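Report on one structure; see the data block that follows.
Numbering (this note's numbering), first residue to last: 2 to 461.
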């Protein structure tokens, strides 16, 4: 039998595909050509059909599609473990509210490269920057140099700050309002700039139409956003229904709960992804089940800010009834990357309806890909999709699956299992836990240097 020649073969893998119809191959193999998966299955079948000069031996370790983080504020990556809360103004000038509005292209480029390294080391090949990077071109250039995917939108996209100033005035320092005035024209022009990136089908960084949300956009701007997203075939996204405070104020302002208002404005559809959605009512649930928007759930935030409880955790119910639910970390100041899967199991069991053990794996792969508008090309190791492949290490017994063909281990412990190799578009961007596209040590040193310089400039 004549074998087809491909660019790369991944062999000897414990492969969890992210495809519920064909979830697992052990030992499995993947054939990759021109950045696309052309074969996946039992190793014996793939090796009998394909040959390649480049073979990547997974050595029996876990292999899975690149995870997709659907809610991340990138600049916060540099401040993980800092002695201040993202929701309170510190007594010094160096606090989250001032830091995120004091960036420049050099700082953003440095932070972005460091963030890309951190995400790869936890098995993520794409992250969704949730509308808080000012220097989007520097962000995109830095991500592209690293060879890592991202989504980006207009920074702080809003045109009405009255509610936000009433509920969370400490989150709106003058510097932030000066850089991101409540001006719909500014926002629309920036959206168009970001979604223009999508003309290149191979672009690693793509644009989306994002509103900051939480009652900061008028009906007019929201309708503009929904129309632009539909016309440009981009995702519409916003923060929504984070906590009871915003929920009360939003109902005062518009007379509707969040999902009801989104539906009234034409935003509740599969082309929309709403982040948080912690405070929901029966009418919201009915509409979500009917209209099927994507939901980006941050279980760590819901627990950390004591939102769930007292509010019920609706996500397992919605997920089991066909709603696409993905996971996000939100701000990494107080939350480590990669624990959302485990916390989603705990939170759902305690205050709602327990997820199945493997559900968080799919929430971070195929469901996440759907929620960023890329479900046709990412999110599973299936023929025809881009070859975004993560190979873990197998250093001890807890790194190896046993009697699991659905992805339970990747739900429970993904953040604790070291990453060996990462491929994006079939290109090896991380090998033996080290970035191959740039000098990882230099990236870290420069990010730390820029962080110290920024803090010093704010302190004077």
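Ideal placement from N, C-alpha and C gives every residue a C-beta, glycine not left out.
As the structure is a prediction and not an experimental result, all values here were calculated from the model.
{"query": "Buried or exposed: which applies to residue 3, given that a residue is buried once 16 or more other Cβ atoms fall within 10 Å of its Cβ?", "result": "exposed"}
{"query": "If you count every other CB in all the chains shown that lies within 10 Å of the CB of residue 69, and 16 or more means buried, which is it?", "result": "buried"}
{"query": "Smallest Cα separation from residue 36: which of 430, 426, 436 and 432?", "result": "426"}
{"query": "Residue 49 by DSSP, collapsed to three states: which one?", "result": "helix"}
{"query": "Roughly how many angstroms separate the alpha carbons of residue 91 and residue 291, rounded to a whole number?", "result": "Because residue 91 sits at a pLDDT of 49, beneath the cut-off of 50, its placement in the model cannot be relied upon, and the point is left open."}
{"query": "Give me the DSSP bridge partner(s) of residue 432.", "result": "435"}
{"query": "Give me the Cα-Cα distance between residue 139 and residue 24, rounded to the nearest whole angstrom.", "result": "38 Å"}
{"query": "Figure out for me which residue from 100, 33 and 389 has the closest Cα to the Cα of residue 79.", "result": "100"}
{"query": "Which word fits residue 248, buried or exposed, when buried means at least 16 other C-beta atoms lie within 10 angstroms of its C-beta?", "result": "buried"}
{"query": "Whole-angstrom Cβ separation of residue 223 and residue 161, contact assumed at under 8 Å?", "result": "Residue 223 to residue 161, Cβ: 10 Å. No contact."}
{"query": "Taking the alpha carbon of residue 55 as the point to measure from, which residue in 30, 73 and 42 has its own alpha carbon closest?", "result": "30"}
{"query": "Distance, Cα to Cα, residue 17 vs residue 254?", "result": "47 Å"}
{"query": "Please classify residue 340: is it buried, with 16 or more other beta-carbons within 10 angstroms of its beta-carbon, or exposed?", "result": "buried"}
{"query": "Starting from the N-terminal side, write out each stretch of the alpha helix (DSSP H) that is 4 residues or longer and does not extend beyond the stretch 316-380.", "result": "316-321, 341-352, 360-364 and 367-372"}
{"query": "Please go through the same chain and pick out, in chain order, the residues whose beta-carbon is closer than 6 Å to the beta-carbon of residue 106, but skip the five residues on each side of it.", "result": "136 and 139"}
{"query": "Which runs of the alpha helix (DSSP H) spanning at least 4 residues fall entirely within the stretch 236-275, listed in chain order?", "result": "245-255 and 259-265"}
{"query": "Helix, strand or coil: which one does DSSP assign to residue 396?", "result": "coil"}
{"query": "For the structure I just gave you, are there three or more beta carbon pairs, one from the stretch 106-121 and one from the stretch 142-161, closer than 8 Å?", "result": "yes"}
{"query": "Please report the residue range of the beta strand (DSSP E) in which residue 12 lies.", "result": "9-17"}
{"query": "Span of the alpha helix (DSSP H) holding residue 226?", "result": "220-233"}
{"query": "Starting from the N-terminal side, write out each stretch of the alpha helix (DSSP H) that is 4 residues or longer and does not extend beyond the stretch 24-83.", "result": "44-50"}
{"query": "Considering Cα atoms alone, identify which of 267, 281, 237 and 238 is closest to residue 258.", "result": "281"}
{"query": "If you check the beta carbons only, do residue 57 and residue 11 fall under 8 Å apart?", "result": "yes"}
{"query": "What is the DSSP secondary structure of residue 194, counted as helix, strand or coil?", "result": "helix"}
{"query": "Is residue 33 close to the ligand NAD? I mean its beta-carbon at under 7 Å from any heavy atom of the ligand.", "result": "Among the components of this structure there are no ligands whatsoever, and the ligand NAD is therefore not found."}
{"query": "Nearest to residue 64 by alpha carbon, out of 402, 204 and 455?", "result": "402"}
{"query": "Give me, in chain order, the residues of the same chain whose beta-carbon lies closer than 7 Å to that of residue 417; leave out the 5 immediate sequence neighbours on both sides.", "result": "none"}
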